[in-house]
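Residue 1 is where the sequence shown starts when you use the working numbering, and the numbers rise one by one after that.
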Amino acid sequence: MKRSSSKPTSSTPQRSALSLTCAHAWIVPSLALLGLGLARVAVGQTEVPPQKAYTETIQPFLKQYCYGCHGEKNPRGGINLVKYADVVAIQKEQVGWRKVLTAIRERSMPPRGVPQPNQDQRDRISAWLSHTLDNVDEKLLPPNPGKVLIHRLNRLEYNNSVRDLFGVDSKPADKFPADGGGGGGFDNNADTLFIPPILMERYLEAAGQVLAEAPAAKLFVVRPSKTLKPRDAAKRLLAHHATRAFRRPAEATEVERLLALYDAAVKRGEPFEGAVKFALKAVLVSPNFLFRVETDQASTTPYRINDFELATRISYFLWASTPDPELYRLAAQKKLSDPKVLDQQVLRMMQDPKFDAFADSFAGQWLRVRSLFAGTQPDPRRYPTYTPTLRDAMYQETVQFFASVLKEESSLLTLLDADYTFLNEELARHYGVPGVTGPEMRRVSLPDRRRGGIITMASVLTVTSYPQRTSPVLRGTWVLEEVLGSEMPPPPPNAGGLPADDAPKEGLTFRQRLEKHREKPECAGCHSRMDPIGFGLENFDAIGRWRTKIGDQPVDSAGVLTTGEKFSGPVELKQQMLKRQEEFVRNLVERMLAYSLGRGLEYYDIPTVRRITEAVVRDNYKSSTLIREIVKSYPFQYRKSG
């Protein structure tokens, strides 16, 4: 049960099956699935217990397409699927069956040259299997906080840390090599934060830059005096900065090593300030600063992290920066791990301006709107009003709206549909909203519900379009994957393509050509899920402007979901998405949990995801509940020795 922005392989993140349930009419609505260990599956209109579904539907599929290579005699790759007689046996073997799930989804199993199931069969088997694996009884999953990795600070975390430690706003880490992405598609994933050789050179350069730019009052918090000798002042100052930079009390031996550097600089003739800076450079290139180091304990079982480590985890989750003095104080007093104190600190941190870094980093990556700056750009000849300043406003609208929902402790469902947004004059003109002047972004009430919520924001509508036209396929896929958490398989090799623009050809509108494309049996299964959702957004052009015609033809924004619901236009589409609120919330839980942990989610995280989701639903989808429950969760507060 890993998360990734790319398609899953046997070792990369996979989607939660619960998010797939409503995409298939033959599975019980997701509300009935939450919290159940062995959920019931519906085929057609008849509810079927999972064991009966396995015996009557799944096993015949496996026998027809899989047992030939993976039977009891000489099973290929040592994988014998025949031995799994019941659902519980499958749920116990999470790793192996998730590889099977990936192979079925990505069409690598059965191999080419042998009879193949059609796409509808693949979809049904994939949905049943992923649902079965995700809805496992917790007794079958021993508590596991996840694998241990030393977490390198990414560029955002480095910049924010030196800002808060030394008052430097120049963002020296912008010169570092780009960070990786994975584990939910986030650039704070420890698995992908490698150390290329050039990075060590950049660390040395950045350390010198930070110390050169740091304000003296921020840097020299202790100075020599009549009663304090220079060396003693240096020792206090180095201990202070090392403790803050290392995110724990600096050890006496560490301070002595730093003091030895100070002594060497003084011996060379450096004045007090220069000698201190020489020693502090060692602090800034120390692994204890560059990495979020946690202490191993002599234990074979998972154990709770200490309060300083908890302060670090919370701070980098919500601020992408080092803990502040308040967190240090509570950690030193061993009070931070108290649940009541923890709740208070989370709410305090959410109201701090530094929380904006979380909204920017998490929402920008989750919703893919960062690609406004690095992805395919709208054709400037066709969309001349798309300017860099308009692009920036589009991005800021998304980030500030997301931040407002969390800071105001609103319902998470506001993300799907809201009566307000954030606009400046240029973006308001783009939307056709009157009465907004000036370049500053500000909260604006919307005149109707065509806008409001992440699905109908210009940033999202632009990144899910091609340079010369909209794409119902990209938009529908985005809603399914980023909003509902459904994994869409890659297109088959013979899927073909569509024109670069949406001009009518051979007497057919673009929508008619797309519907004709869907007639191919190998394409119909996925397109029947993606396209109707995308059609509901066709009133928005490729840069998110409202339109009523495409060329000289009226926009057709009607769609029919695979479950049979009919809708037309973005207002009714959002209403359909609100019916799937548990899918949306569970997907958001998975995304944010992965971000907070700095790793992709695994099958053993299923109980945590379920508990957090249930808590959020019980509390009427309150946004602060999501963050508080993540911070108090088992994988967030526990670790195991490497």
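All residues carry an ideal CB built from backbone N, CA and C; glycine is no exception.
Source: prediction; values computed, not measured.
Where residue i falls, given that 16 or more other Cβ within 10 Å makes a residue buried
i: S445; result: exposed
i: L508; result: exposed
i: M457; result: buried
i: P177; result: exposed
i: I454; result: buried
i: D169; result: exposed
i: Q94; result: buried
i: D352; result: exposed
i: L406; result: buried
i: S108; result: exposed
i: Q91; result: buried
i: N159; result: buried
i: T477; result: buried
i: Q553; result: exposed
i: L165; result: buried
i: Q344; result: exposed
Whole-number beta carbon distance between residue j and residue i, since they are thought to touch under 8 Å
i: P224; j: A233; result: 5 Å
i: L342; j: V631; result: 6 Å
i: R650; j: P287; result: This structure does not reach residue 650, given that the chain is present from 1 up to 642, and the question cannot be answered.
i: N587; j: L484; result: 6 Å
i: F535; j: R511; result: 7 Å
i: E583; j: Q576; result: So it is not a contact: roughly 12 Å between Cβ atoms.
i: H240; j: V283; result: Actually they are not in contact, since the Cβ atoms of H240 and V283 sit about 11 Å apart, beyond 8 Å.
i: G598; j: N118; result: That belief does not hold up - the Cβ atoms of G598 and N118 are roughly 40 Å apart, past 8 Å.
i: V473; j: S371; result: Going by Cβ atoms, the distance from V473 to S371 rounds to 17 Å, so no, they are not a contact pair.
i: R591; j: W319; result: No, R591 and W319 are not in contact; Cβ-Cβ is about 18 Å, not under 8 Å.
i: Y634; j: T608; result: 6 Å
i: L416; j: L578; result: 6 Å
i: V100; j: V162; result: V100 to V162, Cβ: 47 Å. No contact.
Helix, strand or coil at residue i according to DSSP, with G and I counted as helix
i: L626; result: helix
i: H430; result: helix
i: S411; result: strand
i: S299; result: coil
i: H151; result: strand
i: A264; result: helix
i: T55; result: helix
i: K505; result: strand
i: W319; result: coil
i: S445; result: strand
i: I195; result: coil
i: Y638; result: strand
i: I27; result: Caution applies to I27, whose pLDDT of 32 falls short of 50 and renders its modelled position unreliable; the value that the coordinates give is listed next. Here I27 sits in coil by DSSP.
i: R450; result: coil
i: A85; result: coil
i: I79; result: coil
i: S225; result: strand
i: L423; result: strand
i: V114; result: coil
i: Q333; result: coil
i: P554; result: strand
i: G559; result: strand
i: T470; result: strand
i: R580; result: coil
Pairwise C-alpha distance: residue j and residue i
i: E538; j: G551; result: 13 Å
i: R112; j: E515; result: 28 Å
i: D86; j: L413; result: 38 Å
i: R451; j: R545; result: 11 Å
i: C22; j: T563; result: At C22 the pLDDT is 32, less than 50, meaning the model places this residue with poor confidence; the figure from the coordinates comes in the next sentence. For C22 and T563, the distance between alpha carbons rounds to 7 Å.
i: V114; j: F362; result: 44 Å
i: R244; j: T322; result: 8 Å
i: N424; j: F401; result: 13 Å
i: A25; j: Y65; result: Here the model assigns A25 a pLDDT of 29, short of 50, so the residue's position is not dependable and the matter cannot be decided.
i: R529; j: D120; result: 11 Å
i: A265; j: V255; result: 15 Å
i: A418; j: E629; result: 24 Å
i: K354; j: L133; result: 38 Å
i: T300; j: Y603; result: 21 Å
i: M349; j: I314; result: 9 Å
i: S624; j: E326; result: 20 Å
Any C-beta of chain C under 9 Å from that of residue i
i: V589; result: Among the protein chains of the structure shown there is no chain C, as only one such chain exists.
Self-check item: Sufficient close CB pairs (3 or more, under 8 Å) joining the stretch 171 to 182 to the stretch 329 to 342
Solution: no
Quiz item: Quick one: any contact between the stretch 121 to 138 and the stretch 57 to 65, if contact means 3 or more CB pairs under 8 Å?
Solution: yes
Practice problem: Mind the definition here: the stretch 374 to 386 touches the stretch 459 to 479 only if three or more C-beta pairs lie below 8 Å; say whether that holds. | Solution: yes
Quiz item: Pairing CB atoms from the stretch 272 to 282 with CB atoms from the stretch 303 to 319, are three or more of them under 8 Å?
Solution: no
Quiz item: Would the stretch 142 to 161 and the stretch 285 to 305 be scored as touching if the rule is three or more Cβ pairs under 8 Å?
Solution: yes
Quiz item: Is the number of C-beta pairs between the stretch 420 to 436 and the stretch 387 to 404 that are closer than 8 Å three or more?
Solution: yes
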